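For the record, the sequence lines run as chains A and B.
For the first sequence, counting from 1, position 47 maps to 47 in full-length UniProt numbering; every step adds exactly one.
For the second sequence, counting from 1, position 20 maps to 20 in full-length UniProt numbering; every step adds exactly one.
A virtual CB, placed ideally from N, CA and C, is assigned to each residue, including glycine.
Quick caveat: nothing in here was measured; it's all calculated off a predicted structure.
2 protein chains.
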Amino acid sequence: MRKDVIFNEPATGERNIKLTVAYDGTAYHGFQRQANACGIQAILEERLAILCSHPVKITGAGRTDSGVHAYGQVVNFFTGTGGIPTERIPAAMQGLLPPDIVIREACEVPAEFHARYSAQSKVYVYHIYCQPVANPFLRQYSWHIRQPLDHRAMHQATQFIVGTHDFSAFQAAGGPERNPVRTILEAVCRPKGELIELSFWGTGFLYHMVRNLVGTLVDVGAGKRSQADFARILTGRDRNQAGITAPPQGLYLKEVYY
Amino acid sequence: MRKDVIFNEPATGERNIKLTVAYDGTAYHGFQRQANACGIQAILEERLAILCSHPVKITGAGRTDSGVHAYGQVVNFFTGTGGIPTERIPAAMQGLLPPDIVIREACEVPAEFHARYSAQSKVYVYHIYCQPVANPFLRQYSWHIRQPLDHRAMHQATQFIVGTHDFSAFQAAGGPERNPVRTILEAVCRPKGELIELSFWGTGFLYHMVRNLVGTLVDVGAGKRSQADFARILTGRDRNQAGITAPPQGLYLKEVYY
């Protein structure tokens with residue numbers, strides 16, 4: 001079959017296509033397009049353009065910074081009805097994408113679907129490798145902490161953030177958000193195999209919020225701060241009172257709900 | 001304290017030091033020193049020489065090929081008694097080694113201990129990620145197979161190799177071993193989280209033996225070969241009858257027993 005028959009058939013309308021994307025963020029300068037740096041968005045757009053034979057602009061559900069991973073990032077883009085069948089996009093893109101970016105699923109969605117604005121909630125998880133000796137296989141996928149952490153104390157502290165709060169204390173200095181109020185639906189800290197996994201399910205997140213929460217919760221786990229300290233930091237709304245920003249490689253955008 | 005006091009104190013004897021080493025083999029051309037290629041042995045020798053202030057030659061328990069990993073490789077080397085205390089070597093080397101190589105443990109052993117010749121048995125494990133869609137986080141740490149595999153049939157087939165056998169059918173073509181008889185103490189195939197894990201505990205292994213066994217066992221799991229076929233391949237001693245060599249990135253030298 002000729003290439004122009006497959007890809008350049010005159011469009012009788014547009015399909016809005018939702019992709020669920022997993023990526024290892026180690027090699028990338030984050031999700032978003034940046035000047036002079038390789039972002040995952042740019043790679044996806046470039047390779048989708050090859051597949052669709054027209055320029056493609058994608059919208060992502062959430063930012064991920066340099067080194068941050070995604071298991072369930074969601075993007076959408078528009079293409080004509082005449083191109084590759086939607087369900088064949090993941091397999092076709094596999095040959096075009098580097099192996100650290102995988103399209104897990106593709107489906108057609110209504111024209112008004114917007115990966116970012118239609119999102120109802122998101123789950124971020126954070127992995128801590130808490131052992132005296134480093135694990136070379138987890139160095140790019142977790143935060144290595146040598147001293148013991150009390151994951152039960154950390155879990156109890158996470159319960160203070162459940163609900164709707166002003167998260168100014170955990171917002172990046174100079175973050176872009178004007179309204180620092182967000183709602184956390186569920187927060188959990190538990191052991192998972194060799195790791196401690198923190199999971200945050202919320203309707204929205206401020207810039208660096210999860211990593212700032214984790215940095216402060218680790219202080220609770222290490223006994224440097226009490227659970228009451230953590231509660232006071234939240235209500236104090238002062239970023240300077242909270243802990244460090246946890247490093248990026250432990251963070252995953254796990255799932256986006258619509 | 002002056003550097004020459006710490007490191008160059010006249011040796012009144014030699015310590016034989018055993019190191020347990022974990023490494024992510026992704027970036028390396030295998031364990032052994034090679035011309036024009038970066039091996040893990042060369043890096044360890046170079047960085048131990050910095051720590052010990054004298055040239056260091058290490059002996060490794062087992063070869064690992066390019067892309068193959070180790071959780072419990074064992075090496076030994078000699079150094080004077082005046083240098084860094086043995087128990088401080090792992091922490092001191094952490095600052096000298098790249099983050100994909102970790103010394104998990106160091107201990108002093110009798111002068112006659114030899115990492116390779118003193119080894120009584122070794123455990124290799126192999127990880128298969130058996131899912132229709134790739135996982136970008138496991139691409140360097142497992143063999144991705146898209147079709148379903150019957151891990152029970154694979155486990156039953158592995159039982160044929162337990163005991164002492166001529167493993168010519170699973171030896172690398174042109175492999176260096178003259179005597180192809182080896183003893184397998186235990187062989188297991190079982191699901192482990194998202195993976196299928198094969199584990200081989202044996203007193204010795206031929207070059208590429210584990211990867212050749214896995215390549216053939218996957219044919220059993222996929223229904224392309226029966227368990228009786230597998231048994232016939234083993235007794236037939238003909239490499240051409242066996243399956244492909246499984247790719248390196250699923251293989252780990254897990255433990256060496258002395």
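Residue i, enclosing alpha helix (DSSP H) - first and last residue
i             : result
residue 259/B : The requested residue 259/B is not part of the displayed model; chain B covers only 1 to 258.
residue 295/A : With chain A covering only 1 through 258, there is no way to say anything about residue 295/A.
Q73/B         : Unbroken run through Q73/B is the beta strand (DSSP E), 69-80; no alpha helix (DSSP H).
I128/A        : That residue, I128/A, is in no alpha helix (DSSP H); its beta strand (DSSP E) goes 121-130.
P98/A         : Here P98/A belongs to no alpha helix (DSSP H), and DSSP marks it neither H nor E.
Secondary structure of residue i, DSSP reduced to three states
i             : result
P191/B        : strand
E255/B        : strand
T26/A         : helix
G243/B        : coil
R237/A        : coil
L48/A         : helix
I17/A         : strand
E197/B        : strand
F7/B          : For F7/B, the predicted model reports a pLDDT of 35, less than 50, meaning its position is unreliable; a value from the coordinates is still stated below. In this structure, F7/B counts as helix in the three-state DSSP scheme.
P55/B         : coil
D65/B         : coil
residue 268/B : The structure shown does not extend to residue 268/B, since chain B is modelled only from 1 through 258, so no value can be given for it.
Q249/B        : helix
R116/A        : coil
T203/B        : coil
R182/A        : strand
A37/B         : strand
G60/B         : strand
Q227/B        : helix
I84/B         : coil
P148/A        : coil
A172/A        : coil
Residue environment, residue i, which counts as buried when at least 16 other CB atoms sit within 10 Å
i      : result
A111/B : exposed
P136/B : buried
S142/A : buried
K18/A  : buried
Y258/B : exposed
I128/B : buried
I50/B  : exposed
P248/A : buried
P10/A  : Confidence at P10/A is low in this model, with a pLDDT of 37, below 50, so the placement of that residue should be treated as unreliable; the coordinate-derived value is given next. When all chains shown are included, P10/A counts as exposed.
K122/A : buried
D238/B : exposed
C107/B : exposed
P191/B : exposed
A115/A : buried
N212/A : buried
G250/A : buried
I6/A   : For I6/A, the predicted model reports a pLDDT of 34, less than 50, meaning its position is unreliable; a value from the coordinates is still stated below. I6/A is exposed by the Cβ-count criterion.
Y117/B : exposed
Q147/A : exposed
Where the beta strand (DSSP E) through residue i begins and ends
i      : result
A106/A : 101-109
I145/A : 143-145
T164/A : 163-166
Cβ-Cβ distance between residue i and residue j below 9 Å
i      : j      : result
R232/A : L206/A : no
Y28/A  : L253/A : no
E186/B : V125/B : no
G25/A  : H69/A  : yes
T20/B  : Q73/B  : yes
G39/B  : A119/B : no
G13/A  : D65/A  : no
G95/B  : C52/B  : no
P85/B  : I103/B : no
Quick test of the definition: if touching needs 3 or more C-beta pairs under 8 Å, does the stretch 69-87 of chain B touch the stretch 44-53 of chain B? yes
Is the stretch 238-245 of chain B touching the stretch 216-225 of chain B in the sense that three or more CB pairs, one from each, lie closer than 8 Å? yes
Closer than 9 Å, Cβ to Cβ, to anything on chain D: give me those residues from the stretch 103-122 of chain A, in chain order. The chain labelled as chain D is not found among the protein chains of the depicted structure, namely A and B.
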